[in-house]
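With our numbering, you'll find the sequence shown wraps up at 344, consecutive numbering, no jumps.
From the three backbone atoms N, C-alpha and C, an ideal C-beta is built for every residue, glycine too.
Notes to accompany the following structure.
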Amino acid sequence: MKVLFYDADGTVMTKNKIPDRTYEAFRLLKANGILTVLSTGRSLPSIRSTPLEDLGLTNCITAAGGCVIINNQIVSHDYLTEEQRDEITDYFDQYHVPYNIECNDGLYTRIGEKERQLKRMPITLKEAGSLSEVERNKNRRSRFFKQLKEVESFKGMHANKIHWYEDKRMYDDGMITKSIEDIQKHFSSRYNVNPLSFNGNKGGGEINDKAITKKKGVEMIMKHFHIDPNDAYAIGDGYNDLQMLENVNHAIAMGNAPKEVKRVCSYVTDSIDEDGFYNAMKHFHLI
């Protein structure tokens with residue numbers, strides 16, 4: 058059996074849509090008996106009610122490796138300790154950095170923060186730039202508003218990761234208080250700090266425990282299904298894909314991936330807008 062681990066945003070999905078040729082590739086992969094495994098930085102709440110569900114989620118790696126699902130059962134769940142979670146959120150609160158925490162049961166933020174976070178999805182023509190973008194942002198707002206819950210305290214919550222936004226629209230007077238470089242300098246010795254890969258975000262990043270990566274999920278899936286290393290493929294475009302890509306025999310970078318990701322891969326395909334996923338599957342004769 059061959060297995061394909063695939064990232065979500067920037068790899069098979071862009072602007073919350075999956076290209077037609079990518080859908081076709083998945084149909085052919087299934088017909089050819091290829092085991093496909095979603096491997097994403099998104100936590101479960103950010104996957105549900107998106108086109109990713111159409112691709113099948115029986116086996117998947119979510120929260121950048123924090124949660125592993127095999128045959129629809131959660132078999133592994135690692136998350137930030139309360140002390141780690143509070144260290145990060147206290148820092149963001151101190152500098153008024155907008156953020157939310159991702160848990161398996163939902164997305165959470167402080168009371169009063171939801172409206173602030175919606176500012177990154179403008180619904181006026183002047184701010185959005187086009188009617189199609191206005192409609193897209195209305196849909197994004199509706200989904201996000203339902204997903205994100207405001208709470209007084211994060212006590213007792215198992216945070217898979219925390220992500221923050223570096224978007225001037227969300228800051229008072231448009232002044233970003235902490236850049237991604239500031240946050241990396243402050244936290245990177247103790248945590249994974251990666252730029253966001255969600256399409257449509259102007260900037261920001263995500264933080265999780267250094268021990269949590271997609272590598273663990275890859276190893277668990279391969280062991281469970283008795284996959285030969287030479288039959289393992291992975292494709293991605295983001296920094297949190299690095300350890301996934303470094304631990305399979307056939308590593309594929311999307312054309313839109315940064316050079317650090319392309320460097321560890323044996324093959325670079327086209328960008329997502331140029332049917333890169335479909336073309337890569339053709340190149341490796343998986344379809």
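Check the C-beta distance from E159 over to A216 and give it rounded, since I have them as a contact under 8 angstroms.
What you label residue 159 is simply residue 102 of the sequence shown in a count that begins at 1. What you label residue 216 is simply residue 159 of the sequence shown in a count that begins at 1. Sure, about 7 angstroms apart at Cβ, within 8 angstroms.
Roughly how far, in whole angstroms, is the beta-carbon of R343 from the beta-carbon of I91, given that I think they are within contact range, below 8 angstroms?
Within the sequence shown, numbered from 1, the residue matching residue 343 stands at position 286. Within the sequence shown, numbered from 1, the residue matching residue 91 stands at position 34. A small correction: the amino acid at residue 343 is Leu; Arg does not occupy that position in the sequence shown. With 8 angstroms as the limit, L343 and I91 qualify as a contact, their Cβ atoms being about 6 angstroms apart.
Determine whether the Cβ of A88 lies closer than 7 angstroms to any Cβ atom of chain C.
Here there is only one protein chain, and chain C is not present.
Pick out whichever of N265, E303 and I264 has its Cα sitting closest to the Cα of E276.
Counting from one through the sequence shown, the residue named residue 276 turns up at place 219. The candidate whose alpha carbon is nearest that of E276 is E303.
Does the distance from the C-beta atom of V208 to that of Y165 stay below 7 angstroms?
The sequence position of residue 208 within the sequence shown is 151, counting from 1. The sequence position of residue 165 within the sequence shown is 108, counting from 1. The answer is yes: Cβ separation under 7 angstroms.
Give the DSSP-derived three-state secondary structure of S328 in the structure shown.
As a first step, residue 328 is located in the sequence shown; it is residue number 271 there, counting from the start. The answer is coil: DSSP assigns S328 none of H, G, I, E or B.
Buried or exposed: which applies to Q130, given that a residue is buried once 16 or more other Cβ atoms fall within 10 Å of its Cβ?
Taking the sequence shown and counting its residues from 1, the one referred to as residue 130 is at position 73. Exposed is the call here.
For R320, count neighbouring C-beta atoms within 10 Å of its own C-beta (all shown protein chains included) and say buried if the count is 16 or more, exposed if not.
For the purposes of this step, residue 320 is taken as residue 263 along the sequence shown, with counting starting at 1. Exposed.
Using DSSP with H/G/I as helix, E/B as strand and the rest coil, what is F202?
Position 145 of the sequence shown, counted from the start, is the residue given in the question as residue 202. In the structure shown, F202 sits in a helix (DSSP, three-state: H, G or I).
If M227 sits next to Q174, beta carbons under 8 angstroms apart, how far is it from one beta carbon to the other, in whole angstroms?
For this step, residue 227 is matched to residue 170 along the sequence shown. For this step, residue 174 is matched to residue 117 along the sequence shown. With 8 angstroms as the limit, M227 and Q174 qualify as a contact, their Cβ atoms being about 7 angstroms apart.
Looking at the secondary structure, which residues open and close the beta strand (DSSP E) in which H220 lies?
Within the sequence shown, the letter at position 163 stands for residue 220. Looking at the DSSP string, the run of the beta strand (DSSP E) that includes H220 is K218 to Y222.
Spatial neighbours of M301 within its chain, please: C-beta separation below 7 angstroms, excluding the five flanking residues on both sides.
Within the sequence shown, numbered from 1, the residue matching residue 301 stands at position 244. Result list for M301: F62, S96, K271, K272, V275, A291 and G293, in chain order.
Looking at the strands, I want to know which residues DSSP matches up with P252.
Indexing the sequence shown from 1 puts residue 252 at position 195. G262.
What would DSSP say about G163, mapped onto helix, strand or coil?
Here the question's residue 163 lines up with position 106 in the sequence shown. In this structure, G163 counts as strand in the three-state DSSP scheme.
Would I75 be called buried (16 or more neighbouring beta carbons within 10 Å of its own) or exposed?
Sequence index remark: in the sequence shown, residue 75 carries index 18 (1-based). Counting Cβ neighbours within 10 Å, I75 comes out buried, since at least 16 surround it.
Taking G293 as part of the beta strand (DSSP E), name the residues at either end of that continuous run.
By 1-based counting over the sequence shown, the position of residue 293 is 236. Element bounds for G293: A289 to G293.
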